[in-house]
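Residue numbers (our numbering), protein chains in the order written: chain W, 22 to 291; chain X, 380 to 551. All C-beta atoms in this analysis are idealised placements derived from N, C-alpha and C, irrespective of residue type, glycine included.
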C-alpha cells in the first residue's frame, strides 16, 4: 500500500529491506526507489534506526548466562523424560514382550547416553589427562622449526592414531567435528606424533577450547622464531598447563575474543 | 576407523538448543521475565519439542515452533509472576556499548540516545514490541506471523509503524 502522496509506505520500505517483497512487486518498488530521492532517504533513515536497535540488542548476547551448564541440564532432563516414558495401553498378553522391549530400549538408550555423557565429561575438561598425555617432543632445533618450509600450520593425524587416542580416553563414539585430535605440544614447537602427545580436545569445552589453544600455539611459535622465547621453555609451558601458558603469554585471564574462533588445525571428522 | 552412531533424538534436541537458546532467552527476557525464569521457560520449550518430535509431529519451521511455544510459556509465566511487563532483557544489558575512544560528551550523547530508544520501545503496544524483538532475532515475517498469530500483512504494518516511531526518536 502506498502512502497518500504516492510514495512508498514505511511498511513497504522495511519489507523491501527485509527481503520480504519478491517478484514483480519487488521490481516495481525498486523502480520507484531508483527514481525517488524522498523514498530512498526515508529508507536510509529506517535502516539507521534498525542499525541502532541492533547495536543495543547485540549487547544482550554478551550478557547471556553460559551455555554449557544449561545444555547439560537439558540433556539430563531429556534422559529423565526418556526413562520415564510410559508404555501406553498395552494388553496384558503383550505386556511381557513390551516390557522386554522397553527394558532393551532403555538399555540401548542408556548405553548411548553413557557414551554421550562420557564425551561431555571429556568435553568438560579442556586439559589433557597428564597420565595419558604428558607430552612428547622430537629432536629439533629452532632453525628447523622456523624455516619457511618447516611450518605450514597443518599436521594431519592418521585415522589409526586418532582412533587410538579416542580409545585411550575411552571415547567410543566421537561426534564428527566436535573434537580436534590435538598435539599437546604442537609440531610447530617440536611436538612428536606420539600418542603421549595427543589428546581429543573438544571444541565445546567452554571458553578454554581447541580454538583458543590453536591461537596460543601460533603465538608461541612466533615468539620462538623471533628469539623472544626459548624453545624448551615454550614446550614445557604448553605441556604443563596450556591454559596457564595462554594467560601468561597473552597477559589475560580469559581467552581474547579474536581467539574464540581461531583455527589452524582441522576438526576430527573420522 | 570409527563409525559415528546415528544421532538419536536427544542429541538433535541438544543441537537445536545450542542453536536457538540464546535468541529465545533474549526474547522471553524481553517479554518481562527475569533471566532465571527465562532459562526455565527455554528448558520447557525444548522438553516440549522433544515430545513433539518423539510423537512424529511435523518438523517444518522448527524455529517458528520454538519461538511460538516460548512466547506462550513466557506470557503464562509472566502472569504467574504477576510482574508488570517491562523491557527486562534490554534494561539489564543496557550498559556500556559505545566505542571506547569516545570523549565524555559523545559518550553521554550515546547513552541519552540509547535511553530514548529504549523508552520509545517501552511505549510501543506489546504486539509491536514482540514483532520487533522477533525480527531482531532473525525471524522472517511468516514465522513472526505464526508466533504472534497475526497476518503477514500485519507483521509488515507493525514493523513499518514501529520503525517509523523509533526513527522519530533517532531524529531528536
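query	result
Burial state of residue 218(W) (16 or more Cβ within 10 Å)	buried
Residues within the segment 402 to 418 of chain X neighbouring chain W, beta-carbon criterion of under 7 Å	404, 405, 414, 418
Nearest to residue 432(X) (by Cα), restricted to the options 391(X), 459(X), 529(X), 520(X)	391(X)
Beta-bridge pairing of residue 202(W) - partner residues as DSSP gives them	221(W)
Between the CA atoms of residue 422(X) and residue 184(W) - distance to the nearest angstrom	35 Å
Close-in-space but distant-in-sequence residues of the same chain around residue 522(X) (CB under 8 Å, 5 per side omitted)	440, 442, 443, 446, 513
Neighbour flag for residue 186(W) against chain X, beta carbons, 7 Å	no
Whole-angstrom C-beta distance between residue 510(X) and residue 541(X), which should lie under 8 Å	7 Å
Check whether residue 276(W) and residue 228(W) have beta carbons under 7 Å apart	yes
Element boundaries [alpha helix (DSSP H), containing residue 261(W)]	252 to 261
Any chain W beta carbon closer than 7 Å to residue 503(X)	no
Neighbouring residues, chain W, relative to residue 538(X) (Cβ below 8 Å)	32, 35, 36, 39
C-alpha distance - residue 516(X) paired with residue 496(X), whole-angstrom precision	18 Å
Minimum Cβ-Cβ distance from residue 420(X) to chain W less than 7 Å	no
Alpha carbon of residue 547(X) to alpha carbon of residue 419(X), nearest angstrom	37 Å
Classification of residue 70(W) by the beta-carbon crowding that lies within 10 angstroms, buried from 16 upward	buried
Assumed close pair residue 216(W), residue 182(W) - CB separation to whole angstroms, cut-off 8 Å	7 Å
Where residue 158(W) sits in the DSSP three-state scheme	strand
Residue from 389(X), 427(X), 450(X) whose Cα sits closest to the Cα of residue 417(X)	450(X)
8 Å contact criterion, which residue 54(W) and residue 42(W) should meet: CB distance rounded	Going by Cβ atoms, the distance from residue 54(W) to residue 42(W) rounds to 11 Å, so no, they are not a contact pair.
Of the residues 528(X), 396(X), 503(X), the one placed nearest residue 91(W), counting alpha carbons only	396(X)
Straight-line Cα distance separating residue 527(X) from residue 74(W)	21 Å
Nearest neighbour of residue 261(W), chosen from 148(W), 249(W), 27(W) [CA to CA]	148(W)
CB contact flag (residue 32(W), residue 505(X), <7 Å)	no
Stretch pair the segment 479 to 494 of chain X + the segment 399 to 413 of chain X: three plus CB contacts closer than 8 Å	no
Residues near residue 472(X) by beta carbon distance below 8 Å, same chain, minus five either side	In this predicted model, residue 472(X) has a pLDDT of only 43, less than 50, meaning its place in the structure is not dependable enough to derive any value.
Residue closest to residue 87(W), alpha-carbon to alpha-carbon, out of 456(X), 435(X), 415(X), 458(X)	415(X)
Residue from 543(X), 426(X), 494(X), 455(X) whose Cα sits closest to the Cα of residue 393(X)	426(X)
Residue-chain proximity (residue 99(W), chain X), Cβ-Cβ < 7 Å	yes
Span separating the alpha-carbon of residue 188(W) from that of residue 532(X)	57 Å
Collapsed DSSP secondary structure at residue 533(X) in the structure displayed	helix
Limits of the unbroken alpha helix (DSSP H) element including residue 584(X)	The question about residue 584(X) has no answer, for chain X in this structure spans 380 to 551.
Same chain, Cβ closer than 8 Å to residue 269(W), neighbours up to 5 away in sequence not counted	258
Minimum Cβ-Cβ distance from residue 442(X) to chain W less than 7 Å	no
Assigned secondary structure, residue 403(X) (DSSP; H/G/I helix, E/B strand, else coil)	helix
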